[in-house]
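First the structure, in the form of structure tokens, and then the observations on it.
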Amino acid sequence: MMKRRLFLRSLLTACLALAMPWRWSARAGLTRGDKVVKAGVQAVSRVLRVHDPAACRWGFGPGDYTTGIDSAAVRRMLAAGLVALTGAADVGSAWRALIPWRQGERIVIKPNLGNIHVGYGEVIMTSPHLLTALVASLLEAGFPAESITVFDLTAPENDVMRQWFGPFGVRTVFMKRSSNLFDKLSARVFPGPAAADSGAPVRMRNPVRDKDGAEVECFMPEILTEADHLINVPVLKGHQYLLQSSALKNHFGTVRFSNRNVYPVVLHGEYLESHIVDLNDNPHIRDKTRLCVVDALLGAACFTRGDNDRRPSPWTSPGLDRVPGSLFFSRDPVALESVVGDLVAAEQRANGFEPFPHRYLHEAAQRGLGVHEHRDGKGGYTRIDFAEVMI
Numbered sequence: 043m044m045k046r047r048l049f050l051r052s053l054l055t056a057c058l059a060l061a062m063p064w065r066w067s068a069r070a071g072l073t074r075g076d077k078v079v080k081a082g083v084q085a086v087s088r089v090l091r092v093h094d095p096a097a098c099r100w101g102f103g104p105g106d107y108t109t110g111i112d113s114a115a116v117r118r119m120l121a122a123g124l125v126a127l128t129g130a131a132d133v134g135s136a137w138r139a140l141i142p143w144r145q146g147e148r149i150v151i152k153p154n155l156g157n158i159h160v161g162y163g164e165v166i167m168t169s170p171h172l173l174t175a176l177v178a179s180l181l182e183a184g185f186p187a188e189s190i191t192v193f194d195l196t197a198p199e200n201d202v203m204r205q206w207f208g209p210f211g212v213r214t215v216f217m218k219r220s221s222n223l224f225d226k227l228s229a230r231v232f233p234g235p236a237a238a239d240s241g242a243p244v245r246m247r248n249p250v251r252d253k254d255g256a257e258v259e260c261f262m263p264e265i266l267t268e269a270d271h272l273i274n275v276p277v278l279k280g281h282q283y284l285l286q287s288s289a290l291k292n293h294f295g296t297v298r299f300s301n302r303n304v305y306p307v308v309l310h311g312e313y314l315e316s317h318i319v320d321l322n323d324n325p326h327i328r329d330k331t332r333l334c335v336v337d338a339l340l341g342a343a344c345f346t347r348g349d350n351d352r353r354p355s356p357w358t359s360p361g362l363d364r365v366p367g368s369l370f371f372s373r374d375p376v377a378l379e380s381v382v383g384d385l386v387a388a389e390q391r392a393n394g395f396e397p398f399p400h401r402y403l404h405e406a407a408q409r410g411l412g413v414h415e416h417r418d419g420k421g422g423y424t425r426i427d428f429a430e431v432m433i
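Numbering-wise (this note's numbering), the sequence shown opens with residue 43 and increments by one.
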């Protein structure tokens, strides 16, 4: 009986896919709000910027920059972005257009929190204001708390996170703290949903090696292989070896490694860009991504370049305000990185730095993971539908 139900469900899904040509798809997380994309046709992906000058008022002084973020403004920006991106009548309808959720399915949210143990006074990361706004919005739209998980497997669990997410009743999966020998051993074993799924390897065309030259295997974690829908929430920043660290590289904090390392240092080096593409071509990322939201409330385009450290810095080039006060939305992570990358590159040049490579975006587009192009001389795009909403 179970096999028959699975067969009927698969048959129905196939028929619906044929009946609705706009669902090109899952490969880039695109749905009917975007124009039809077929092989050999110029693709069009929607990228949206929502800006509110009241969202963040911070003077770039010492201390925790998140104290300058207005939670109410972030909630308004999120709501406006969801509605504008999908063309839905309200936020609930927008979420249902983005996430075709069914009873029992799981939604996971992947922020960039790998330096949470260092703190927001030292490093730019996805803000708690945006993450809690996302969770609250999903709950208000009718998704049950038990279906929602926030995870970053490079982020040590801590009391601050419990304060953020505790009131919502959603699950969180972070790196276990190593306060004693048992915790240290547990952290290396990756118990429960943080464990590597041996049936979900990440196929890399170039070898992944540790510092001693030994080859390392990569796997998806159970938290993602058991999930049905993925929301990617990176932050606006440059990178030490790439143009930027955004939606695609954010999944370095998702991978599990056969050498039991927690941090993804083995993915850097000679094959950094190919590793990014191969990782994001994994079906558990490629086919499950429903939405990407870049936290651009503040930015660090010149991250670690010159005299810049890892904290937010004032924006000086056209396109964003001194305090960016923005969120960027898209279902297509490649198109999203193309738009944000143009802004990052312009800001780096304005500060006297030559931008690092972004070959991975060209290759990701060739793989069918999304649309990549640069702004034309008038600041526009032809294959990316870029729009801005000012609050």
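The beta-carbon is built from N, C-alpha and C at its ideal position, and this holds for glycine as well.
According to DSSP, residue pairing for N274 in a beta bridge involves K152, C334.
Excluding its 5 nearest sequence neighbours in each direction, M167 has C-beta neighbours in its own chain below 7 Å: N154, L155, N157, I158, V277, listed in chain order. In this model, G410 and G105 are separated by some 42 Å (Cα to Cα). Cβ-Cβ distances below 6 Å link D418 to nothing in the same chain once the five nearest sequence neighbours on each side are left out. Judged by beta-carbon spacing, V297 lies within the 9 Å limit of L321, meaning their Cβ atoms are closer than that value. One thing to note: E182 has its Cβ no nearer than 9 Å to the Cβ of V212.
Here the alpha carbon of L378 sits roughly 32 Å from the alpha carbon of D201. For D239, the enclosing beta strand (DSSP E) has its first and last residue at 238–243. In the three-state reduction of the DSSP assignment, G341 falls in the strand class, which pools E and B. Contact check for S372 and R138: beta-carbon distance about 18 Å, past the 8 Å limit, so the pair fails to qualify. Annotation: the segment 360–394 contains the following complete segments of the alpha helix (DSSP H) (minimum length 4 residues), in chain order: 375–392. By the Cβ-count criterion, S240 is exposed, with fewer than 16 other Cβ atoms from all chains shown falling within 10 Å of its own Cβ. Residue range 213–217 is occupied by the beta strand (DSSP E) that includes R213. C-alpha of S316 to C-alpha of L309: approximately 9 Å in a straight line. Distance from the CA atom of F261 to the CA atom of V319, rounded to whole angstroms, is 15 Å.
The criterion of a C-beta distance shorter than 9 Å is satisfied by Q286 and G383. Here S87 is bridged, per DSSP, to I426. Under the three-state reduction of DSSP output, P198 falls in the strand class.
Judged by DSSP secondary structure, M119 falls within the alpha helix (DSSP H) whose first and last residues are 113–128. Per DSSP, P249 lies in no beta strand (DSSP E) segment and is marked neither H nor E. One Cα belongs to R99, the other to R364, and the distance between them is close to 10 Å. Under the three-state reduction of DSSP output, T168 falls in the coil class, being neither helix nor strand. In the DSSP annotation of this structure, P263 is not part of any alpha helix (DSSP H); the continuous beta strand (DSSP E) holding it starts and ends at 260–263. Selection Q145, F294, R117, I190 evaluated against L172 yields R117 as nearest (Cα-Cα). In this structure, the beta-carbon distance from A269 to P375 does not fall below 9 Å.
Each residue's CA atom was taken as its position, placing I149 and L90 some 22 Å apart. Under the three-state reduction of DSSP, E147 is assigned to coil, being neither helix nor strand. Judged by DSSP secondary structure, W100 falls outside any alpha helix (DSSP H); it is assigned neither H nor E. Residues N248 of the same chain have their beta carbon placed closer than 8 Å to that of E312, with the five preceding and five following residues left out of the count. Note on geometry: alpha-carbon atoms of V165 and R347 lie some 14 Å from one another. Cβ-Cβ distances below 7 Å link A130 to A136, A139 in the same chain, with the five nearest sequence neighbours on each side left out; the list follows chain order.
Contact annotation: N393 and C334 have beta-carbon atoms that are not nearer than 9 Å.
With a threshold of 16 other beta carbon atoms within 10 Å, F294 meets it and is buried. In this structure, A237 lies away from D323, with their beta-carbon atoms at least 9 Å apart. Within the same chain, Cβ atoms closer than 8 Å to the Cβ of E257 are found at P249, V250, R251, the five residues on either side in sequence being excluded.
For R298, the three-state secondary structure derived from DSSP is strand.
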